[in-house]
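Down below is the structure, laid out as structure tokens.
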Amino acid sequence: MSKKSTVIESQIESLVALFSDRRLTEALAGADRFIAEHPDHPFGWKLKGALLIEQNQPESALPILQRAIQLSPDEADLLNNFGIALRQTGRLSESLAASQKALGLRPNFAEGHHALAVVLLQMGFLKLAIEHAKEAVQLKPDFPEAWFNLGNACKDALLNEEALQAYVKAFQLRPDMPDVLNNLGNLLRELGKPLEALALYQKAQTIQPELATTYLNLGNLYLDLGQHERAASQYQQALQRDGALIGAQSNLCFCLASSAGADALASMRAAQDYRTMLAQSVQPYANWSAAMAAGQALRIGLVSGDLRLHPVGHFLENVLAELAGTDT
1 MSKKSTVIES QIESLVALFS DRRLTEALAG ADRFIAEHPD HPFGWKLKGA LLIEQNQPES
61 ALPILQRAIQ LSPDEADLLN NFGIALRQTG RLSESLAASQ KALGLRPNFA EGHHALAVVL
121 LQMGFLKLAI EHAKEAVQLK PDFPEAWFNL GNACKDALLN EEALQAYVKA FQLRPDMPDV
181 LNNLGNLLRE LGKPLEALAL YQKAQTIQPE LATTYLNLGN LYLDLGQHER AASQYQQALQ
241 RDGALIGAQS NLCFCLASSA GADALASMRA AQDYRTMLAQ SVQPYANWSA AMAAGQALRI
301 GLVSGDLRLH PVGHFLENVL AELAGTDT
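By the UniProt record's numbering, the letter at position 32 of the sequence shown is numbered 32, and the numbering carries on one by one without gaps.
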């Protein structure tokens with residue numbers, strides 16, 4: 001081995017150690033130095049791309065990983081990372097193709113099956129997502145993220161028992177993972193086990209106090225139990241952390257409106273905030289699939305899950321009947 005090769009190998013070992021120790025800032029600076037010294041070596045580009053993904057910068061990672069692929073087109077883990085960055089930027093079809101190519105190069109690649117399962121789940125291909133998630137955990141049984149994703153896919157496919165088993169396995173492997181704690185808690189709540197769900201939500205809050213969805217989930221649990229004041233407090237804390245969490249605002253309005261001791265002014269302000277959030281989330285509809293003809297009445301449909309069971313739905317029955325009988 002040449003002296004230059006020995007130096008490169010030593011640099012690579014040092015950078016891999018920094019990455020493994022989660023010293024990401026130092027590793028990124030080292031990757032930049034490596035690229036400056038060895039611009040035609042794929043490792044520096046590959047490492048920098050992986051680090052940018054770790055730091056939630058997938059847009060920045062894409063051109064870096066593309067350069068790495070130009071230098072080393074047949075590396076499965078490199079293509080896999082490229083697929084992950086594509087998925088994180090919403091380019092799902094391209095992500096799917098990259099993940100499939102990675103598995104074509106290395107069929108027994110657990111991380112590749114996991115990444116493919118994640119993008120398949122996002123695209124709504126539940127059966128295929130479950131198949132690849134199962135393949136990932138069979139190849140690598142101590143892979144908590146793959147068990148978690150298997151739980152998500154099974155949950156979406158209404159396979160609650162399989163989802164529960166997968167979430168429990170993920171929890172056993174990574175008891176400090178807030179997403180696992182939340183999703184397992186949500187499923188236990190649905191299965192009528194509120195105390196177990198409560199413990200998981202509270203643990204998630206301890207581990208990551210700024211994660212808004214945990215407060216939303218805990219608020220929903222208290223709402224199920226009829227503890228509206230506690231629920232309202234959790235929703236308010238969720239909104240302090242994520243002011244755009246529309247589910248928390250909606251449920252806060254419900255809690256304040258249905259609590260006997262609620263402040264009427266606070267309830268009105270919450271409703272006004274909810275109105276503002278809804279207005280900001282609505283996009284004007286400009287593309288009409290039906291042909292428009294002069295002289296024909298405009299037909300308008302009102303669609304809401306609340307119309308079936310919510311008291312407002314019953315109140316609107318007479319209003320809708322009147323609208324249906326008009327010619328304007």
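Backbone N, C-alpha and C fix where the C-beta goes; we use that ideal spot for every residue, glycine too.
Residue i: which of the options sits nearest, CA to CA?
i      : options                        : result
Glu190 : Ala238, Arg22, Leu158          : Leu158
Lys140 : His113, Glu162, Leu216         : His113
Arg269 : Ala212, Gln57, Tyr167, Ser250  : Ser250
Asn56  : Glu26, Gly44, Thr89            : Thr89
Lys169 : Phe148, Asp179, Leu187, Gln208 : Phe148
Ala76  : Glu317, Leu24, Gln100, Asp156  : Gln100
Leu128 : Leu221, Ala117, Val7           : Ala117
Ile84  : Arg67, Gly104, Ala61, Asp74    : Ala61
Ala27  : Ala50, Asp40, Ser5             : Ala50
Ser233 : Ile246, Asp242, Leu252         : Leu252
Pro209 : Leu150, Gln240, Leu105, Asp224 : Gln240
Arg106 : Ser95, Asn80, Ala262, Leu120   : Asn80
Could you give the DSSP three-state label for residue i: helix, strand or coil?
i      : result
Ala264 : helix
Phe125 : coil
Lys134 : helix
Ala42  : For the record, residue 42 in the displayed sequence is Pro; it is not Ala. Residue state, collapsed to three classes: helix.
Pro144 : helix
Phe109 : coil
Leu159 : coil
Check whether the Cβ of residue i lies closer than 7 angstroms to any Cβ atom in chain D.
i     : result
Pro73 : The structure shown contains no chain D; it holds only a single protein chain.
Inset, instruction - Pick out the complete alpha helix (DSSP H) segments inside the stretch 208-280, 4 residues or longer, and give them in chain order. - result: For the stretch 208-280, the continuous alpha helix (DSSP H) assignments of 4+ residues that do not extend past its boundaries occur at 212-224, 228-241, 246-258, in sequence order.
Inset, instruction - Please specify which runs of the alpha helix (DSSP H), each continuous and at least 4 residues long, are wholly inside the stretch 53-107, giving them in chain order. - result: Fully enclosed alpha helix (DSSP H) runs of no fewer than 4 residues occupy 58-71, 76-88, 92-105 of the stretch 53-107, in order along the chain.
Legend entry - beta strand (DSSP E) runs contained entirely in the UniProt repeat "TPR" (178-211), provided each spans 3 or more residues: Annotation note: the UniProt repeat "TPR" (178-211) contains no uninterrupted beta strand (DSSP E) run of length 3 or greater.
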